[in-house]
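Below: one structure, written as structure tokens.
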Amino acid sequence: MNPFAYSRPASLADTVNELAGSSRSRIIAGGTNLIDLMKENVERPAQLIDINRLPFSTIDELPDGGLRLGALVTNADTAYHPLVEQRYPLLSQTILAGASPQLRNMATNGGNLFQRTRCYYFYDTSMPCNKRAATNNGPGGCAAYGGYNRIHAILGTTDDTNGQSSCVATYPSDMAVALTALDAVVQVTGPNGDRSIPMADFHRLPGAEPWRDNTTQPGEVVTAIDLPTRGFPDHYTYIKVRDRSSYAFALVSVAVGLEMDGDVVRDARIALGGVAHKPWRKSEAEQLLIGKTLSPETIRPVADALLAGARGYGHNDFKIELAHRAIIRAVLKSGLDNGAVE
Ligand SMILES: Cc1cc2nc3c(=O)[nH]c(=O)nc-3n(C[C@H](O)[C@H](O)[C@H](O)COP(=O)(O)OP(=O)(O)OC[C@H]3O[C@@H](n4cnc5c(N)ncnc54)[C@H](O)[C@@H]3O)c2cc1C
Ligand code: SF4
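Residue numbering for the sequence shown follows full-length UniProt numbering, starting at 1 and increasing by one per position.
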């Protein structure tokens, strides 16, 4: 591990100043991802800025009936908060499908949004990786593109022929899949003031800059995540398909929230995890469900629309059919009853 300076600013303004002052400064919150990356030499910060003194550790009701989740509230406290359990059970179930109890006790909501990909080649500094090479840490290229890519993306990838911007990585968070389905909004503060970023626009596809995971600007700090009023508490499901039934990242996951009028779908949200560089959602696919009664036949076109353009890279070809089946199962289950399915 490289030597680094450590600070614990008492205010958000000091944090933003320190962060904006050097491209090698990193915020540390729960440390469950950053410290691993430092141990593997993937991250080599010159300064760690510990934000645990900042006042972002509460969950508060918003005047419009929504909920504000502080960036420093742990994943465990968020999942078990009575208002989250009551109004946004999809979010509770999704968080509890991730990591382990010990990790969820340390991991924060802000940190969860910024966790890096679990691409094995990203963690191995001897391997070509465009995402890592941008920080002068190892050779450029994409070892996963022609390598072992079982956990990698099937949608929204960059696979240019010269390999200089190829990236087929997935973004691994469970929580963010539910936040995307729920139309959450991320609150950030940076050198240019405050701004709100809809969850759907927070993470990005690799495009020509695979080293950029999200749309935040240098020096910006996440202060909170806002949940809108509509939480789909009556009809929701999170299906997470993985190699082990606990303590493993999703190969494919599906978060669904429905509003039903008897047997008929009045409103629908569907987001996928484990398939792309960001949680994957298409409102035109959701629209296909409105006014329908639920059956495999009515859901199949929705799965087709969500997965349009999907392609595998060899080892991960199975994800396309897996995602198709998981979508049908999750939507059917949401219409019938509630809860998480392993
Ligand atoms: C063994 C293991 C298994 C796991 N399994 C899962 C799983 O199944 N599903 C899942 O979703 N996750 C899983 N995780 C990931 C875990 O959820 C994340 O590591 C955690 O959420 C990160 O939060 P943190 O507070 O510890 O972040 P940190 O490690 O402190 O920081 C992570 C990144 O976020 C940045 N950051 C932190 N807070 C802010 C902020 N407020 N504003 C701006 N930047 C910020 C940091 O600079 C850093 O780059 C697993 C982790 C481990 C180690
Ligand atoms: S998929 Fe992305 S993160 Fe993985 S090796 Fe390729 S460029 Fe790096």
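Think of the CB as a built atom: it goes at the ideal place given N, C-alpha and C, for glycine as much as any other residue. Since the model is a prediction, treat every value here as computed from it, not as a measurement.
Alpha-carbon to alpha-carbon, residue 268 and residue 42:
If I take the Cα positions, the gap works out to 39 Å.
Pop quiz: residue 137 and residue 44 are said to be a contact at Cβ under 8 Å. What is the actual Cβ separation, rounded to whole angstroms?
Rounded, the Cβ-Cβ distance is 7 Å, consistent with contact.
So does residue 121 have its beta carbon nearer than 7 Å to some heavy atom of ligand 2?
Under cutoff, so the answer is yes.
Whole angstroms are fine: how far does the CA of residue 132 sit from the CA of residue 151?
Going by the C-alpha atoms only, they are around 18 Å apart.
For the beta strand (DSSP E) that contains residue 199, what are its first and last residues?
Looking at the DSSP string, residue 199 is not in any beta strand (DSSP E); the run it does join, the alpha helix (DSSP H), is 199-202.
Rounded to the nearest angstrom, how far is the Cβ of residue 97 from that of residue 275, given a contact under 8 Å?
The C-beta distance from residue 97 to residue 275 rounds to 16 Å, too long to meet the 8 Å contact threshold.
Between residue 214 and residue 130, what straight-line distance do the alpha-carbon atoms span, to the nearest angstrom?
Roughly 15 Å separates the two Cα atoms.
Quick one: grab the DSSP three-state call for residue 26.
Note: residue 26 maps to strand in three-state DSSP.
At 3 residues or longer, what runs of the beta strand (DSSP E) sit wholly inside the stretch 81-124?
With a minimum length of 3 residues, no continuous beta strand (DSSP E) run stays inside the stretch 81-124.
What three-state label does DSSP hand residue 336 in the structure shown?
Residue 336: helix per DSSP, three-state reduction.
Comparing the CB of residue 93 with every heavy atom of ligand 1, is any distance shorter than 7 Å?
No, ligand 1 has no heavy atom inside 7 Å of this Cβ.
What's the C-alpha gap between residue 183 and residue 289?
Each residue's alpha carbon lies about 18 Å from the other.
At a cut-off of 7 Å, is residue 130 close to ligand 2 when judged by its beta-carbon and the heavy atoms of the ligand?
With a cutoff of 7 Å, residue 130 counts as near ligand 2, since its C-beta is closer than that to a heavy atom of the ligand.
Cβ pair residue 171, residue 277 closer than 8 Å
Residue 277 is positioned such that its CB atom lies closer than 8 Å to that of residue 171.
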